[in-house]
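**Q** Under our numbering, residue 485 is the last one in the sequence shown; the count climbs by one each step, no gaps.
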Amino acid sequence: MLPNDPDISTFRWQMQLLSSFFNVIPLDLALAGLRDGTIPPRAVCITFDDGYRSIHDLALPILLEYELPATVFVSSGYIGHGAMWNDRIIEAIRGFEGGSLDLPSVDFGVLSCGTVLDRQKACETIIGSAKYLAPDLRESLTREIEMHCKVSIEPNLMLTKSMLRALVGSGIEIGAHTVSHPILSNVSDESARREIAESKRVLEATIDGDVRYFAYPNGKFGKDFDLRHVKMVKDAGFEAAFTSSSGGAAMLGDDYQLCRCMPWDRSPAAFGIRLFRWLYGV
Ligand SMILES: [Zn+2]
Numbered sequence: 204m205l206p207n208d209p210d211i212s213t214f215r216w217q218m219q220l221l222s223s224f225f226n227v228i229p230l231d232l233a234l235a236g237l238r239d240g241t242i243p244p245r246a247v248c249i250t251f252d253d254g255y256r257s258i259h260d261l262a263l264p265i266l267l268e269y270e271l272p273a274t275v276f277v278s279s280g281y282i283g284h285g286a287m288w289n290d291r292i293i294e295a296i297r298g299f300e301g302g303s304l305d306l307p308s309v310d311f312g313v314l315s316c317g318t319v320l321d322r323q324k325a326c327e328t329i330i331g332s333a334k335y336l337a338p339d340l341r342e343s344l345t346r347e348i349e350m351h352c353k354v355s356i357e358p359n360l361m362l363t364k365s366m367l368r369a370l371v372g373s374g375i376e377i378g379a380h381t382v383s384h385p386i387l388s389n390v391s392d393e394s395a396r397r398e399i400a401e402s403k404r405v406l407e408a409t410i411d412g413d414v415r416y417f418a419y420p421n422g423k424f425g426k427d428f429d430l431r432h433v434k435m436v437k438d439a440g441f442e443a444a445f446t447s448s449s450g451g452a453a454m455l456g457d458d459y460q461l462c463r464c465m466p467w468d469r470s471p472a473a474f475g476i477r478l479f480r481w482l483y484g485v
């Protein structure tokens, strides 16, 4: 149902390529190196967002095999239970036994669900439109879809506490990604502040260690978060924060708006060229 996400064989060649041609370093070394000019050439950091258990079950063995450090940004409200709204919608539509979906309360039209491709498209349409709804409206839409599809299983997709601790024990850094993954611009300042600070507190208690870095949900400056949220992240005591704007991190850049991107290229050549373009800003 997620055709654009890398599978494990793609992830393996991506990591092999990073290990062969780039200097994959931990975030703290990269940030220190950016500040004092000692960052090695072709430096890359690997990060994962949200806190899916596939990081522990599938990615970790490959990261360990190639000795690659990484950081995982976790939404603390889903540790060990529950599923994010988008995954619940995907699960409902995957298990739907009807041939088409026509939701009475929203104007998506009739969404065909005949083939896997149709279901993928239906999910894209619904999730793309629902992303910017207020959290309570998004939750009621998700429930409506689950009821309409007669599928209401919460897929067991998220990291548990013991998996988080195992990641830390394997040298993976844990960062915060709010509690419930709201788009910060869509919630009140009070709620945004709580989401940011509470995720740090819960994660630090869970791993019994520092949570130094933050990633903004969805991550586009001006659309998903703004300077109010940057200040909240600083006030909560984070040392740096990450967006989803494409590109490399530069010296003298803002440590609370560091660029990242998802290099989901299909071929090693395209993936490698993209990384070099980010690194050299071309
Ligand atoms: Zn996220």
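Beta carbons are placed, not taken as given, at the ideal position from N, Cα and C, and that holds for glycine.
Treat the numbers as computed from the prediction; the structure is a model and nothing was measured.
1. DSSP three-state call for Phe299: helix, strand or coil?
2. Cα-Cα, which of Asp252, Gly422, Leu237 is closest to Ala246?
3. Just to confirm my understanding: we take Ser394, look at its own chain, exclude 5 residues before and 5 after, and list those with CB closer than 8 angstroms. What are they?
4. Check the DSSP bridge columns for Thr274 and list the partner residues they point to.
5. Quick check: what's the CA-CA separation for Val275 versus Phe441?
6. Between Asp392 and Pro209, what straight-line distance do the alpha-carbon atoms span, to the nearest angstrom?
7. Report buried or exposed for Ser278, applying the criterion of at least 16 other Cβ atoms within 10 angstroms of its Cβ.
8. Looking at Arg469 and Asp438, is the spacing between their C-beta atoms short of 9 angstroms?
9. Tell me whether Phe479 counts as near ligand 1, meaning its Cβ is closer than 8 angstroms to at least one heavy atom of that ligand.
10. Whole angstroms are fine: how far does the CA of Gly451 sit from the CA of Ile296?
11. Can the beta-carbon of Val436 be found less than 9 angstroms from the beta-carbon of Phe417?
**A** Short version:
1. Counting from 1 along the sequence shown, the entry for residue 299 is found at position 96. Three-state DSSP puts Phe299 in coil, outside helix and strand.
2. Reading the sequence shown from its first residue, position 43 is the one you call residue 246. Comparing Cα positions, the closest option is Leu237.
3. Here residue 394 is taken as the residue at index 191 of the sequence shown, counted from 1. Correct list, in chain order: Pro385.
4. Translated into the one-based positions of the sequence shown, residue 274 becomes position 71. Answer is Thr250, Glu376, bridged to Thr274.
5. By 1-based counting over the sequence shown, the position of residue 275 is 72. By 1-based counting over the sequence shown, the position of residue 441 is 238. Spanning the two alpha carbons is a distance of roughly 15 angstroms.
6. Residue mapping note: residue 392 aligns to position 189 of the sequence shown, counting from 1. Residue mapping note: residue 209 aligns to position 6 of the sequence shown, counting from 1. When rounded, the distance between both Cα atoms is 35 angstroms.
7. Here the question's residue 278 lines up with position 75 in the sequence shown. So Ser278 counts as buried.
8. The residue given as residue 438 occupies position 235 in the sequence shown. The residue given as residue 469 occupies position 266 in the sequence shown. No, the Cβ-Cβ distance between Asp438 and Arg469 is not below 9 angstroms.
9. Numbered from 1 along the sequence shown, position 276 holds the residue referred to as residue 479. Phe479 Cβ: outside cutoff for every heavy atom of ligand 1.
10. Position 93 of the sequence shown, counted from the start, is the residue given in the question as residue 296. Position 248 of the sequence shown, counted from the start, is the residue given in the question as residue 451. Approximately 37 angstroms, taken between the alpha carbons.
11. Residue numbering aside, residue 436 sits at position 233 when the sequence shown is read from its first letter. Residue numbering aside, residue 417 sits at position 214 when the sequence shown is read from its first letter. Against a cut-off of 9 angstroms, the Cβ pair of Phe417 and Val436 comes out as a contact.
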